[in-house]
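Convert by adding 84 to the 1-based position in the sequence shown; the result is the number in the working numbering.
Where a beta carbon is used, it is the ideal one built from N, C-alpha and C, also for glycine.
Bear in mind the structure is a predicted one, so any value in this text is a computation, not a measurement.
Worksheet for the structure shown next.
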Amino acid sequence: MVEAMQGAGVVVTGAGGGIGAALARRFAAEGARVVVNDLDADKVKAVADEIGGIAVAGDASAIVAEARDALGGTVDVYCANAGVGSGGSEAADESVWALAWDVNVMAHVRAAHALLPDWLERGHGRFVSTVSAAGLLTMIGAAPYSVTKHGAYAFAEWLSLTYRHRGVKVHAICPQGVRTDMLEATGSAGDLVLQPTAIEPEAVADALMKGIEEDRFLVLPHPEVAAYYQARAADPDRWMTNMNHLQQKWETAQ
85 MVEAMQGAGV VVTGAGGGIG AALARRFAAE GARVVVNDLD ADKVKAVADE IGGIAVAGDA
145 SAIVAEARDA LGGTVDVYCA NAGVGSGGSE AADESVWALA WDVNVMAHVR AAHALLPDWL
205 ERGHGRFVST VSAAGLLTMI GAAPYSVTKH GAYAFAEWLS LTYRHRGVKV HAICPQGVRT
265 DMLEATGSAG DLVLQPTAIE PEAVADALMK GIEEDRFLVL PHPEVAAYYQ ARAADPDRWM
325 TNMNHLQQKW ETAQ
C-alpha cells in the first residue's frame, strides 16, 4: 500500500476506460477517495459505482471546482489523464490540431491554474500528467499527437521545476503502447510501433504507484524508453535517421 494515498482526495480525468479507469481503480484500492471524470456520463457512473467513487462527468478543463466540492473541499492528487490520439500530418485540419492542443495541453494548464493557489497555500499537492513516450520521443503518422504530447511533457516539467520546493509533486507518465481503445485507433502505425510491446492499463497504474513511492518525476511503464530517450539526446541525427527508417518501413507497408 502507498501510505500517502490513504484517505487522499484524488481526481482522475478521462477515467471512463483505459488508463484512466485503471488509475481510478488503483487509487481506490490504495484507500483514496476518488472522483471519476469523463465526458461519457454512463462510463463515469459505471467506474465510480464499481470502486465506490464519485462520478463527475464533463469537460476535464472545467471540473476542478466541482471535483473539489465533491471531495469535501480538498484535492490532494489530480491526474490529468484525458487525452486525444490525433493522427495525421502537417496537413491535418486545423480543427484536429486545435482539439489536440486543447485536450492534451491546455486542459492540464487550466487544471493547474485552478489547483495551485490551494496547493501552494497548504504546501502540498500532487499533479499527475499522463503524457506518452511520444512526448519524449515522437510517433510516426501522428503529428498533432506527438507535438501536443511534447507540450504536455514540457508543462509537467515546468510545473515540477517551478513549484517542487513549495511542496508540489509532479509525475509525468510516459508509456509506449497500452491496450486501450486509443491504441486500436492508431491503425497500421500503431500496429508497427506500439502493438508488439503493448501493456495492460493496470501496468501503467502499477508504474505510477511505484513512481509515487520513489518520488520520481518521470514514470516509465516501458523501462526501455529511458534508453531510447538517452540515445535521442546523445546523437539526435542518428536518432532521426533511425526514426526515418521506421517511417519508410511504414510507408512501404501501406
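Between Val119 and Val94 a beta carbon distance of about 7 Å is seen, short of the 8 Å cut, so the two are scored as contacting. Asn165 counts as buried, since no fewer than 16 other beta carbons sit within 10 angstroms of its beta carbon. Less than 8 Å divides the Cβ of Ala132 from the Cβ of Ala139. Annotation note: the region 149-206 contains the following uninterrupted alpha helix (DSSP H) runs of length 4 or greater, listed N- to C-terminal: 178-185, 191-206. When Cβ pairs closer than 8 Å are counted between the two stretches, the region 275-285 is seen not to touch the region 311-329, the count staying below three. With a threshold of 16 other beta carbon atoms within 10 Å, Ala311 falls short and is exposed. Under the three-pair Cβ rule at 8 Å, the region 174-187 does not count as touching the region 108-125. Beta-bridge partners assigned by DSSP to Arg210: Val161, Lys253.
Exposure of His249 is indicated by the presence of fewer than 16 other C-beta atoms within 10 angstroms of its C-beta. Cα atoms of Ala106 and Trp242: separation of roughly 26 Å, rounded to the nearest angstrom. Only exposed fits Pro201, as fewer than 16 other CB atoms lie within 10 angstroms of its CB. Between Ala151 and the set Leu199, Gly171, Ala113, the nearest pair of CA atoms involves Leu199. For the options Glu286, Val161, Val96, Val252, the alpha carbon positioned closest to that of Pro305 is the one of Glu286. In the same chain as Gly219, and ignoring 5 residues on each side of it, the C-beta atoms closer than 7 Å to its own belong to Lys233, His234, Ala236, Tyr237, Cys258, in chain order.
In the DSSP assignment, Asp124 falls outside any alpha helix (DSSP H), carrying neither H nor E.
Here the region 167-179 makes contact with the region 262-272; the two share three or more CB pairs at distances below 8 Å. Remark: C-beta atoms of Gly91 and Ala112 do not approach each other more closely than 8 Å.
Residue environment for Glu298: exposed (fewer than 16 other C-beta atoms within 10 angstroms of its C-beta). A Cβ-Cβ distance of about 5 Å is found for the pair Val252 and Trp203, placing them in contact under the 8 Å criterion.
Judged by DSSP secondary structure, Gly104 falls within the alpha helix (DSSP H) whose first and last residues are 102-113.
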